[in-house]
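*Asks:* Positions 8 to 258 (this note's numbering) are the ones given, in order, by the sequence shown. Below you will find the structure I want to go over with you.
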Amino acid sequence: MSSAIEISGLYKKYKGAWSAALDGLSLTAEKGRITGLLGPNGAGKTTCINIICGLVRADRGSVQIFGHDAGTQIQTVRSLIGVVPQQIALFENMTALENFRYIGSLYGIAQVTIKERSKNLLERLGLAQHADKRVGRYSGGMKRRANIIASLLHQPDLIILDEPTAGVDVQSRAMIHEFLKEYQQAGKTILYTSHHLDEAEELCENVVIIDEGRHIISGSPKDLIIQTRKQTDCRKLEDVFLHYTGHSVRD
Ligand SMILES: Nc1ncnc2c1ncn2[C@@H]1O[C@H](COP(=O)(O)OP(=O)(O)OP(=O)(O)O)[C@@H](O)[C@H]1O
Ligand SMILES: [Mg+2]
8 MSSAIEISGL
18 YKKYKGAWSA
28 ALDGLSLTAE
38 KGRITGLLGP
48 NGAGKTTCIN
58 IICGLVRADR
68 GSVQIFGHDA
78 GTQIQTVRSL
88 IGVVPQQIAL
98 FENMTALENF
108 RYIGSLYGIA
118 QVTIKERSKN
128 LLERLGLAQH
138 ADKRVGRYSG
148 GMKRRANIIA
158 SLLHQPDLII
168 LDEPTAGVDV
178 QSRAMIHEFL
188 KEYQQAGKTI
198 LYTSHHLDEA
208 EELCENVVII
218 DEGRHIISGS
228 PKDLIIQTRK
238 QTDCRKLEDV
248 FLHYTGHSVR
258 D
């Protein structure tokens, strides 16, 4: 299976920071799979995602997306990926549909196509009845689902979601899961971050655990559990995570 994402030796130190956010991070995400990018607070997940989509510049290292270098071919890379940011990136005083019309136009998509794609995605993510309501009046779960739609209007092959289920209820979470599984079955690749390890264990074929900007371990949740069981009592992905990242709280 070929790689959708190939990251090698990524190093990033923010201006004025004491330590590097990414310290030689390398990882791969296979094409057509759901990969979980996991790590404690401050591990470097969002920094990694922001570098992939060109929002943050790495000091060293390389990022290849479907074989395209993110450093030199950022426009091609941007057309191939859809990023769902950790913070909701929608205008609260506009309706969902108005947001999608605006965001779609930034990608140069014809209005008629935006309307058609929005309609389909709004239905699939349970928002069809709310398309003409202001996003500011949406619940947290509705905002998260609308945030996903906004990143898919240009039909990217790779979707990167930064904590798409943070602060959402069980129903919204289940809907997002189903949607991601369907999306993958349609041949797309997914990289997502989450602090819900039970969710990652259920959803991901592969997980990459990072800490302090470095790759710690990766593999299928099942293989990692079996492997870790040789060293400690380990029944679930959370046990693997705690074994490798420790129990101390992060600043
Ligand atoms: N703009 C910035 N300026 C300075 N330091 C930053 C900036 N953004 C992130 N950092 C620092 O870089 C490190 C990695 O942060 P990052 O947000 O990438 O982690 P994360 O894994 O996404 O964490 P979380 O799970 O809390 O979202 C942290 O120490 C953080 O404080
Ligand atoms: Mg983050």
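All C-beta atoms, glycine included, are put in the ideal place defined by N, C-alpha and C.
To the nearest angstrom, report how far apart His-75 and Ala-96 are at their CA atoms.
*Replies:* Walking along the sequence shown from the start, residue 75 turns up at place 68. Walking along the sequence shown from the start, residue 96 turns up at place 89. In this structure, the CA atom of His-75 is about 26 Å from the CA atom of Ala-96.
*Asks:* With a threshold of 7 Å on Cβ separation, who are the neighbours of Tyr-18 within its own chain once the five nearest residues in sequence on each side are excluded?
*Replies:* On the sequence shown, position 11 is the one that residue 18 refers to. Here the set comprises Ala-27, Leu-29, Asp-30, Gly-31, Ala-65, Asp-66, Arg-67, Gly-68.
*Asks:* Give a yes or no on whether the C-beta atoms belonging to Ile-233 and Leu-45 are separated by under 8 Å.
*Replies:* Residue numbering aside, residue 233 sits at position 226 when the sequence shown is read from its first letter. Residue numbering aside, residue 45 sits at position 38 when the sequence shown is read from its first letter. Cβ atoms of Ile-233 and Leu-45: not closer than 8 Å.
*Asks:* Please report the straight-line C-alpha distance between Ser-201 and Glu-99, rounded to a whole angstrom.
*Replies:* Sequence index remark: in the sequence shown, residue 201 carries index 194 (1-based). Sequence index remark: in the sequence shown, residue 99 carries index 92 (1-based). Spanning the two alpha carbons is a distance of roughly 24 Å.
*Asks:* So which residues put a beta carbon under 7 Å from any heavy atom of ligand 2, going in chain order?
*Replies:* Lys-52, Thr-53, Gln-93, Asp-169, Glu-170, Thr-200
*Asks:* Less than 7 Å separating the Cβ of Asn-154 from some heavy atom of ligand 1?
*Replies:* The residue labelled residue 154 in the question sits at position 147 within the sequence shown. Every heavy atom of ligand 1 is 7 Å or more from the Cβ of Asn-154, so no.
*Asks:* Tell me, please, whether the stretch 240-258 touches the stretch 46-58 by the rule of three or more beta-carbon pairs shorter than 8 Å.
*Replies:* A contact exists between the stretch 240-258 and the stretch 46-58.
*Asks:* Less than 7 Å separating the Cβ of Ala-28 from some heavy atom of ligand 1?
*Replies:* By one-based count along the sequence shown, residue 28 stands at place 21. Under cutoff, so the answer is yes.
*Asks:* So what does Asp-246 bridge to, in DSSP terms?
*Replies:* As a working mapping, residue 246 is identified with position 239 in the sequence shown. Bridge partners of Asp-246 according to DSSP: none are assigned.
*Asks:* If you draw a straight line from the alpha carbon of Thr-53 to that of Asp-169, how long is it in whole angstroms?
*Replies:* Along the sequence shown, read from residue 1 onward, the residue named residue 53 stands at position 46. Along the sequence shown, read from residue 1 onward, the residue named residue 169 stands at position 162. Taking the CA atoms as reference points, Thr-53 sits about 7 Å from Asp-169.
*Asks:* Which residues in the same chain as His-222 place their Cβ atom closer than 7 Å to its Cβ, once the five residues preceding and following it in sequence are excluded?
*Replies:* In the sequence shown, the residue the question calls residue 222 occupies position 215. Here the set comprises Leu-32, Ser-33, Leu-34, Val-215.
*Asks:* Quick test of your reading: Ala-11 and Ile-72, contact by CB under 8 Å. State the CB separation rounded to the nearest angstrom.
*Replies:* Position 4 of the sequence shown, counted from the first residue, corresponds to residue 11. Position 65 of the sequence shown, counted from the first residue, corresponds to residue 72. That belief holds up - the Cβ atoms of Ala-11 and Ile-72 are roughly 7 Å apart, short of 8 Å.
*Asks:* Within 10 Å of its beta-carbon, does Val-177 have 16 or more other beta-carbons around it, so buried, or fewer, so exposed?
*Replies:* The residue you call residue 177 lines up with position 170 of the sequence shown. Burial call: exposed.
*Asks:* Assign Ile-116 to one of three DSSP states: helix, strand, or coil.
*Replies:* As a first step, residue 116 is located in the sequence shown; it is residue number 109 there, counting from the start. Correct three-state label for Ile-116: coil.
*Asks:* Please determine whether the Cβ atom of Asn-127 lies at a distance below 7 Å from any heavy atom of ligand 1.
*Replies:* If you number the sequence shown from 1, residue 127 lands on position 120. No, the beta carbon of Asn-127 sits no closer than 7 Å to any heavy atom of ligand 1.
*Asks:* Does the beta carbon of Ala-103 fall short of 7 Å from some heavy atom of ligand 1?
*Replies:* Counting from one through the sequence shown, the residue named residue 103 turns up at place 96. The answer is no for Ala-103.
*Asks:* Distance, Cα to Cα, Arg-242 vs Arg-236?
*Replies:* Residue 242 sits at position 235 when you count from the first residue of the sequence shown. Residue 236 sits at position 229 when you count from the first residue of the sequence shown. Between Arg-242 and Arg-236, the C-alpha separation is close to 8 Å.
*Asks:* Per the DSSP calculation, Leu-210 is bridged to which residue(s)?
*Replies:* Residue numbering aside, residue 210 sits at position 203 when the sequence shown is read from its first letter. DSSP, once it has assigned bridges, lists no residue as partnering Leu-210.
*Asks:* Just to confirm the assignment, what range does the alpha helix (DSSP H) spanning Ala-181 have?
*Replies:* Within the sequence shown, the letter at position 174 stands for residue 181. Unbroken alpha helix (DSSP H) run through Ala-181: 177-192.
*Asks:* For Ser-9, which residues from the same chain have a beta carbon less than 7 Å from its beta carbon, with the 5 sequence-adjacent residues on both sides left out?
*Replies:* Here the question's residue 9 lines up with position 2 in the sequence shown. Counting only Cβ-Cβ distances below 7 Å, and skipping sequence neighbours, we find Lys-38.
*Asks:* Can you have a look at Leu-132 and say buried or exposed, based on whether 16 or more other CB atoms are within 10 angstroms of its CB?
*Replies:* Reading the sequence shown from its first residue, position 125 is the one you call residue 132. Burial call: buried.
*Asks:* Write down the C-beta distance between His-161 and Gly-89 rounded to the nearest angstrom, noting that I regard them as a contact closer than 8 Å.
*Replies:* Here residue 161 is taken as the residue at index 154 of the sequence shown, counted from 1. Here residue 89 is taken as the residue at index 82 of the sequence shown, counted from 1. Under the criterion of beta carbons closer than 8 Å, His-161 and Gly-89 qualify as touching, at roughly 7 Å.
*Asks:* What residue range does the beta strand (DSSP E) around Gln-71 cover?
*Replies:* Looking up residue 71 in the sequence shown gives position 64. Looking at the DSSP string, the run of the beta strand (DSSP E) that includes Gln-71 is 67-72.
*Asks:* Can you tell which of Leu-128, Pro-163, Pro-171, Ser-179 has its C-alpha closest to the C-alpha of Gln-82?
*Replies:* Translated into the one-based positions of the sequence shown, residue 82 becomes position 75. The shortest C-alpha separation from Gln-82 is found at Pro-163.
*Asks:* Pick from Pro-92, Lys-126, Gln-94: whose alpha carbon is nearest that of Arg-108?
*Replies:* Here residue 108 refers to the residue found at position 101 of the sequence shown. Comparing Cα positions, the closest option is Lys-126.
*Asks:* Please determine whether the Cβ atom of Gly-174 lies at a distance below 7 Å from any heavy atom of ligand 1.
*Replies:* Here residue 174 corresponds to residue number 167 of the sequence shown, with the count starting at 1. No - ligand 1 has no heavy atom lying nearer than 7 Å to the Cβ of Gly-174.
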